[in-house]
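Quick note: the sequence shown uses the working numbering, first residue 5, plus one each step.
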Amino acid sequence: MKNLSEKFATFSQDFRNVHQEAKKQGFVNIMKLLWKDLFVGRTAFQWIYLLLLSSVPFFLEWTNRTGQHDWLGLFASWTGIVCVILVAEGRASNYLFGAVNSAIYLVLALNKNFYGEVLTTLYFFIMQPIGLYVWLSNRINDQGKVEESHFEAKKLNLIEWMRYLALCAVIWIGMGFAYQSIHSARPFRDSITDATNGVGQLLMTRLYREQWIFWIATNVFSIYLWWDQSLHIQGMYWVYTLNSLVGWYQWTKALKKEVV
């Protein structure tokens, strides 16, 4: 009980620090910081990488021969791709694109009656402001330099791996039975992405490199899930898979720098 009280006291103090820093910066400076987080400190290769991958949804739309435009799918795909690239770069502004992407993706999943995707997307939407707070708290309370985009990547030890794998299994089985109770045609298939997405988001919020392994698993299964359903969403997950590999490399490199 004492440990819980100490954690709550620490959270309250950290939250006050973030709130005070936001008041001190003011709206104009916050917008400047957002601009800096989005555009400053990116190499020429990173710019090319961002522009090329984020143009994939537009290329798919222009080459689509169905005669119908999927603007909602296009915008969902674009915001999602930009979001994951910003995550790989360790930029807090990823949560802005993540929130927009979650809202649009929720509508698409509802239209397709993908129960697992609906619940996962609701979870993602709720986690965006929480994740942003954790990343900002890390900068303000631990590093003391809100202006910097640096993030401190961490890696799981064996015990932590076992905990998160167990959590993944519990979510998969638990949600599978929940979908089965409402007569879903594919209960345990729908619940796979609930598990991998849920654990991946937790690891991302806590700045663990191993999030990318769970993202890769999510992306591969989602490609299968959306096959012949939406060209944009399928293309988005192909790009996600590529970016997850890049993200693993970049976060591993960040870990090695911290050790040095």
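Don't be surprised by glycine CBs; every beta carbon is placed ideally from N, CA and C. Since this is a predicted model, take the numbers as computed values, not measurements.
Selection from E65, H73, L56 that minimises the alpha carbon distance to V86: Within the sequence shown, the letter at position 82 stands for residue 86. Among E65, H73, L56, the Cα nearest to that of V86 belongs to L56.
Nearest candidate by alpha-carbon position, reference K158, set L114, K261, E25, I237: Taking the sequence shown and counting its residues from 1, the one referred to as residue 158 is at position 154. For K158, the nearest C-alpha among the options comes from K261.
Residue(s) in a DSSP beta bridge with Y212: Here residue 212 is taken as the residue at index 208 of the sequence shown, counted from 1. K158.
Pairwise C-alpha distance: T125 and Y137: Residue mapping note: residue 137 aligns to position 133 of the sequence shown, counting from 1. Residue mapping note: residue 125 aligns to position 121 of the sequence shown, counting from 1. Approximately 19 Å between the Cα atoms of the pair.
Alpha-carbon spacing of L169 relative to Q72, whole angstroms: Start at 1 with the first residue of the sequence shown, and residue 169 comes out as number 165. Start at 1 with the first residue of the sequence shown, and residue 72 comes out as number 68. Rounded to the nearest angstrom, the two C-alpha atoms are 42 Å apart.
Option in L37, A103, L38 with minimal Cα separation from A80: Within the sequence shown, numbered from 1, the residue matching residue 80 stands at position 76. If we check each option's Cα against that of A80, A103 comes out closest.
Reduced DSSP category for E164 - H, G, I as helix; E, B as strand; rest coil: Translated into the one-based positions of the sequence shown, residue 164 becomes position 160. Helix at E164.
Backbone CA spacing between W66 and M166 [nearest angstrom]: Mapped onto the sequence shown, residue 66 falls at position 62. Mapped onto the sequence shown, residue 166 falls at position 162. Straight-line Cα distance between these residues: approximately 45 Å.
The segment 212 to 227 contacting the segment 249 to 260, beta-carbon criterion three pairs below 8 Å: yes
Burial state of F49 (16 or more Cβ within 10 Å): The sequence position of residue 49 within the sequence shown is 45, counting from 1. Result: exposed.
Alpha-carbon to alpha-carbon, V44 and N33: Indexing the sequence shown from 1 puts residue 33 at position 29. Indexing the sequence shown from 1 puts residue 44 at position 40. If you take the alpha carbons of N33 and V44, they lie about 15 Å apart.
Contacts around P191, its chain only, beta-carbon distance under 6 Å, and the 5 residues preceding and following it disregarded: For the purposes of this step, residue 191 is identified with residue 187 of the sequence shown, where counting begins at 1. Closer than 6 Å at Cβ, skipping near neighbours: G180, Y183, Q184.
K171 and L206 closer than 9 Å at C-beta: Indexing the sequence shown from 1 puts residue 171 at position 167. Indexing the sequence shown from 1 puts residue 206 at position 202. Per the sequence presented here, residue 171 reads as Leu, with Lys not at that position. Closer than 9 Å, so yes.
I175 in three-state terms, based on DSSP: Looking up residue 175 in the sequence shown gives position 171. Note: I175 maps to helix in three-state DSSP.
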